[in-house]
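*Asks:*
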Ligand code: RB5
């Protein structure tokens, strides 16, 4: 089964725990990298851990949850090979996969409820990258990351 690396800070802890089993029903092996309590935790630290795992395991996905999804996404996108998308609707999740080949989904526990998060996750994980003209554009992301 495909690996999915899951991480949150304290502000995304509850939603992370509630999504874990659901993600497994979608056919993924979930590796929960934390956090494991509601104690304050800096989002850049867990975002970096998840980003590194996704980079090391070609074809895997990451899901990062904080209060808004914004901080996690900023950090994830600092990593070469990571294309993070902060999504609050199914439509954003669809295009993040279909056009951007996003490999890390960022969610905000203060922005969406559990049911919405499940719908977004399902779309994100089931939508294939369209390739074609989008492949050339995605390739340019890595070029700009190195320069
Ligand atoms: C924590 O309060 C909050 O700032 C963090 O979870 C996240 O929303 C940052 O982008």
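In the working numbering, the protein residues as written are 228 to 374. Note that the Cβ used here is the ideal one computed from N, Cα and C, for glycine as well. None of these values were measured; they are calculated from a predicted model.
1) Which residue or residues does DSSP assign as beta-bridge partners of residue 347?
2) Using CA coordinates, which residue listed in 286, 357, 274, 280 is at the minimum distance from residue 313?
3) Less than 8 Å between C-beta atoms, sequence neighbours within five positions excluded: which residues of the same chain meet that for residue 303?
4) Given 8 Å as the limit, is there contact between the region 248-265 and the region 336-352, that is, 3 or more CB pairs closer than that?
5) By a C-beta neighbour count over all protein chains shown, 10 Å radius and 16 as the cutoff for buried, is residue 243 buried or exposed?
6) Are the CB atoms of residue 235 and residue 258 within a distance shorter than 8 Å?
7) Rank 280, 294, 364 by C-alpha distance to the C-alpha of residue 327 and give the top, closest one.
8) State buried or exposed for residue 370, treating a residue as buried only when at least 16 other CB atoms are found within 10 Å of its CB.
9) With a threshold of 6 Å on Cβ separation, who are the neighbours of residue 296 within its own chain once the five nearest residues in sequence on each side are excluded?
10) Within 10 angstroms of the Cβ of residue 171, are there 16 or more other Cβ atoms? Answer buried if so, exposed if not.
11) From what residue to what residue does the beta strand (DSSP E) around residue 268 run?
*Replies:* Here's the rundown:
1) Counting from one through the chain shown, the residue named residue 347 turns up at place 120. BP columns for residue 347 are empty, so no partner.
2) If you number the chain shown from 1, residue 313 lands on position 86. For residue 313, the nearest C-alpha among the options comes from 274.
3) As a working note, residue 303 is residue 76 in the chain shown. If the five residues before and after residue 303 are omitted, its C-beta is found closer than 8 Å to the C-beta atoms of 274, 277, 278, 289, 291, 309, 311, 331, 333, all from its own chain and listed in chain order.
4) Taking 8 Å as the limit for Cβ pairs, the verdict is that the region 336-352 does touch the region 248-265.
5) As a position in the chain shown, residue 243 is number 16, starting the count at 1. Counting Cβ neighbours within 10 Å, residue 243 comes out buried, since at least 16 surround it.
6) In the chain shown, counting from the first residue as 1, residue 258 sits at position 31. In the chain shown, counting from the first residue as 1, residue 235 sits at position 8. No, the Cβ-Cβ distance between residue 258 and residue 235 is not below 8 Å.
7) As a working note, residue 327 is residue 100 in the chain shown. Here the closest residue by C-alpha is 364.
8) Within the chain shown, residue 370 is the residue found at index 143, counting from 1. Exposed, by the Cβ-count rule.
9) On the chain shown, residue 296 is found 69 positions in, with the first residue counted as 1. Contacts found: 313, 333, 334, 335.
10) Residue 171 is absent from the structure shown; the chain starts at 228 and stops at 374.
11) Here residue 268 corresponds to residue number 41 of the chain shown, with the count starting at 1. Note, residue 268: premise wrong, no beta strand (DSSP E); not H, not E.
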